[in-house]
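Heads up: the sequence lines are chains A and B, in that order.
In terms of the working numbering, the first sequence opens at residue 2 and continues consecutively.
In terms of the working numbering, the second sequence opens at residue 2 and continues consecutively.
Built from N, CA and C at the ideal position, the CB exists for glycine as well.
Worksheet: the structure to be examined is printed underneath.
Number of protein chains: 2
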Amino acid sequence: MKKLINDPDDVVDEMLDGMLAAYPDRLRRLPDTQVMVREDAPVDGKVSLVTGGGSGHEPTHAGYIGDGMLDGAAAGGVFSSPTADEFEALIDACDGGDGVLAIIKNYEGDVMNFETAIELAEMEGVEVESVVVDDDVAVEDSLYTSGRRGVCGTILVHKAAGAKAAEGADLSEVKRVAEKVIDNVGTMGMALTSCVTPEKGEPTFDLGDDEIELGIGIHGEPGTERTETMPADAVTDELTETVLDDLDVEAGEEVLTIVNGMGGTPEMELFVVNRRLQELLGEHEIETHDAWVGDYMTSLDMEGLSITVCVLDDELKGLFDAPADTPGLSVQ
Amino acid sequence: MKKLINDPDDVVDEMLDGMLAAYPDRLRRLPDTQVMVREDAPVDGKVSLVTGGGSGHEPTHAGYIGDGMLDGAAAGGVFSSPTADEFEALIDACDGGDGVLAIIKNYEGDVMNFETAIELAEMEGVEVESVVVDDDVAVEDSLYTSGRRGVCGTILVHKAAGAKAAEGADLSEVKRVAEKVIDNVGTMGMALTSCVTPEKGEPTFDLGDDEIELGIGIHGEPGTERTETMPADAVTDELTETVLDDLDVEAGEEVLTIVNGMGGTPEMELFVVNRRLQELLGEHEIETHDAWVGDYMTSLDMEGLSITVCVLDDELKGLFDAPADTPGLSVQ
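Pasting the structure below:
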């Protein structure tokens with residue numbers, strides 16, 4: 002399998018430098034780390050938001066650093082967690098004195114290392130709270146998690162909590178908003194192809210020419226069902242109905258949706274799926290407040306997508322509509 | 002080859018409806034056409050910008066409709082030109098009385114059908130000017146063109162001319178800016194894999210597991226050279242040096258660069274390439290004013306990328322920095 006890389010051992014380091022070279026006025030890389038922060042971090046007078054996790058999910062994580070979203074993010078190796086030391090350096094660099102919210106995707110390594118870092122930061126007097134995102138409705142436990150996996154719904158936690166922090170809300174309020182999103186969001190993914198990691202250079206798993214995998218994770222972890230290929234509308238219905246059932250969404254409610262490409266999926270196909278998604282929501286008399294379509298949380302070169310639904314109230318609507326200016330998401 | 006589509010005959014229609022469902026407040030589709038325009042078209046008091054071409058290059062073309070860029074775009078079938086009738090409907094819907102600039106990528110079908118449409122619109126009293134973008138430095142003539150192909154540099158024409166139109170400049174001034182970009186921009190692409198069209202369902206051309214194609218077009222047209230796979234830095238050097246030679250860029254000049262993914266390329270790899278691109282420009286003492294990295298003009302699911310360089314003066318810098326708010330590009 003061919004890739005546009007140099008030495009696989011350098012790929013994360015070179016990616017981060019390439020990102021920095023694209024956004025030198027917005028981002029800053031902490032020396033001798035894989036931690037990226039706002040160029041002007043720490044920002045005074047607001048709660049800071051930090052996150053992190055394995056690389057290979059770009060624009061997640063550092064792509065959401067900027068006004069109205071994150072203050073910083075730690076990048077691990079491809080599909081592997083950052084160390085506790087890197088998470089601690091991240092927290093220290095972003096703390097402006099008004100407290101830090103750590104947004105953690107539910108993977109064992111991320112949770113363990115972030116929690117260690119939080120303890121260390123608290124010993125140094127930093128006020129830190131954390132939330133764990135577990136929006137993947139496909140599986141209860143998985144290869145890398147006890148409990149549900151954290152996937153694309155995490156972006157909505159960054160967005161809503163980031164907007165709340167930008168309003169000047171205190172740490173407990175920002176955390177409350179993050180938890181509200183987590184309570185109201187669900188995601189399910191599928192894949193047409195496996196991803197190929199730079200190190201291995203071969204598909205993580207095998208899928209036949211006439212097979213797709215439903216309920217896939219963002220690291221090529223097994224899903225819930227391997228089936229024959231289906232038309233886009235049938236795939237959309239399967240994913241969406243599973244998410245709606247899980248969230249128990251009722252007619253008359255308003256939602257924000259994401260059709261998220263896994264990295265190798267043409268935008269054309271994402272829009273074909275969004276067409277059916279919005280049609281289906283209409284059949285359920287569920288109203289779409291906003292529909293995002295694009296590559297938000299990827300899995301290297303995997304072909305496939307996930308569908309995220311977040312049930313809204315007036316507060317969340319206002320926070321999702323608030324301005325944001327980051328490399329990966331812009332709301333004007 | 003698997004795709005997330007329904008009937009291949011419906012893919013463009015369903016894609017456009019899915020795009021409309023994502024941006025109902027921004028876009029409007031002209032009834033019984035594949036033409037998309039601003040929701041509030043025609044906009045009075047400014048020159049209107051229109052474009053179009055084959056589908057499969059998303060977010061090109063309709064993704065750049067919005068404040069500071071395009072007023073409308075016609076979508077053909079996958080890799081095929083819109084008809085003259087559709088181009089004419091586009092011009093009619095976007096004309097607000099201050100003239101229309103048609104931005105045409107240099108493909109024979111696009112040029113012929115757009116020119117016919119312009120003649121028809123002029124007979125109805127619409128003032129129309131046009132420019133033809135031919136930024137691909139790889140080949141002099143190609144499968145679908147006499148002269149160079151129009152590729153990713155076209156986005157910069159949309160951006161600069163769109164910003165000039167938003168300032169209230171007249172049609173001749175907007176056209177002058179578009180031509181200035183065309184005179185100063187060059188692009189070269191490469192592919193790791195072929196694209197697969199929905200209709201054919203198989204690779205457009207064959208590339209071995211250890212081969213890449215340099216100088217590729219955005220429809221899988223042959224490039225200039227098929228070589229063994231190379232490290233990302235060597236690919237970057239080859240593409241960039243060819244573009245710099247063609248543009249005759251000198252030390253001390255300022256440029257805007259684009260590392261453009263072809264649709265199936267992970268963002269990680271685009272940033273790895275951007276790292277070397279910016280390093281190389283530094284070695285040449287060429288200064289980067291802005292570096293864009295992402296999927297701007299794609300070729301369905303092709304893995305590969307193109308590198309675009311545009312030489313800037315103060316006017317172009319100001320126009321590229323000006324605000325834009327479209328689904329595919331946002332400048333705040």
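C-beta atoms of residue i and residue j nearer than 8 Å
i	j	result
I308 of chain A	V256 of chain A	no
T155 of chain B	M298 of chain B	yes
T198 of chain A	F272 of chain A	no
F88 of chain B	G53 of chain B	yes
V48 of chain B	A122 of chain B	no
S56 of chain A	M269 of chain B	yes
A74 of chain A	H58 of chain A	no
L91 of chain B	A162 of chain B	no
V186 of chain A	D142 of chain A	no
D326 of chain B	G69 of chain B	yes
I94 of chain B	V132 of chain B	Checking the sequence shown, residue 94 of chain B turns out to be Ala, not Ile. In this structure, V132 of chain B does not lie closer than 8 Å to A94 of chain B by Cβ.
K3 of chain B	T266 of chain A	no
T258 of chain A	V310 of chain A	yes
I105 of chain B	D111 of chain B	yes
G334 of chain A	E120 of chain A	It is not possible to answer for residue 334 of chain A, since the shown part of chain A is limited to 2 through 333.
M1 of chain A	G305 of chain A	With chain A covering 2 to 333 only, the question about residue 1 of chain A has no answer from this structure.
G67 of chain B	R27 of chain B	yes
Chain B contact residues for residue i, given Cβ-Cβ distances below 7 Å
i	result
Q279 of chain A	A22
V244 of chain A	What V244 of chain A touches in chain B: nothing, since even the nearest Cβ is about 17 Å away.
A233 of chain A	L5, I6 and N7
N275 of chain A	G19, A22 and A23
M16 of chain A	M269, F272 and V273
A292 of chain A	A22 and A23
Cβ neighbour criterion (16 or more within 10 Å) applied to residue i
i	result
S147 of chain A	exposed
G283 of chain B	exposed
S173 of chain B	exposed
L193 of chain B	buried
T124 of chain A	According to the sequence displayed, residue 124 of chain A carries Met and not Thr. Exposed, since its Cβ has fewer than 16 Cβ neighbours within 10 Å.
M113 of chain A	exposed
L144 of chain A	exposed
A22 of chain B	buried
E226 of chain A	exposed
E15 of chain A	buried
Q333 of chain A	exposed
E286 of chain A	exposed
A1 of chain B	Outside the shown range of chain B, which is 2 to 333, sits residue 1 of chain B, and nothing can be said about it.
K160 of chain A	buried
G209 of chain B	exposed
Contact list for residue i against chain A, beta-carbon separation under 7 Å
i	result
E343 of chain B	In the structure as shown, chain B begins at 2 and stops at 333. Residue 343 of chain B is therefore absent and cannot be evaluated.
V236 of chain B	L5
G264 of chain B	P267
DSSP-derived helix/strand/coil call for residue i
i	result
E242 of chain A	helix
E234 of chain B	As written in the sequence, residue 234 of chain B is Asp, which differs from the Glu given in the question. Helix.
I213 of chain A	strand
E268 of chain A	helix
R149 of chain A	coil
A63 of chain A	helix
R30 of chain B	strand
C196 of chain B	coil
D86 of chain A	helix
I287 of chain A	coil
N7 of chain A	coil
G319 of chain A	helix
I92 of chain A	helix
G187 of chain B	strand
N107 of chain A	coil
L248 of chain A	helix
G19 of chain B	helix
Partner residues on chain B for residue i, Cβ-Cβ distance less than 8 Å
i	result
T188 of chain A	Those within 8 Å of T188 of chain A in chain B number zero; the least Cβ separation is about 17 Å.
T230 of chain A	K3
I213 of chain A	K3
Within chain A, the residues that residue i reaches when beta carbons sit closer than 9 Å
i	result
L306 of chain B	L5
Under 8 Å from the C-beta of residue i: neighbouring residues of chain A
i	result
D296 of chain B	E268 and D296
E222 of chain B	Ordered by position in chain A, no residue passes the 8 Å Cβ test against E222 of chain B, which lies about 18 Å from the chain.
E59 of chain B	P267, E268, M269 and F272
L301 of chain B	P267 and M269
Closer than 7 Å: residue i CB and nearest the ligand MN heavy atom
i	result
L281 of chain A	Questions concerning the ligand MN fall outside what the structure shown contains, since it holds no ligand whatsoever.
Contact set between residue i and chain E, taken where Cβ atoms lie within less than 8 Å
i	result
V12 of chain B	The displayed structure is made up of protein chains A and B, and chain E is not among them.
Chain-ordered chain B contacts of residue i [CB-CB under 9 Å]
i	result
D326 of chain A	S331 and Q333
(request) For the stretch 110–183 of chain B, list the beta strand (DSSP E) runs that are entirely contained and at least 3 residues long, ordered along the chain. (result) The beta strand (DSSP E) runs lying completely inside the stretch 110–183 of chain B and spanning 3 residues or more are 129–134, given in chain order.
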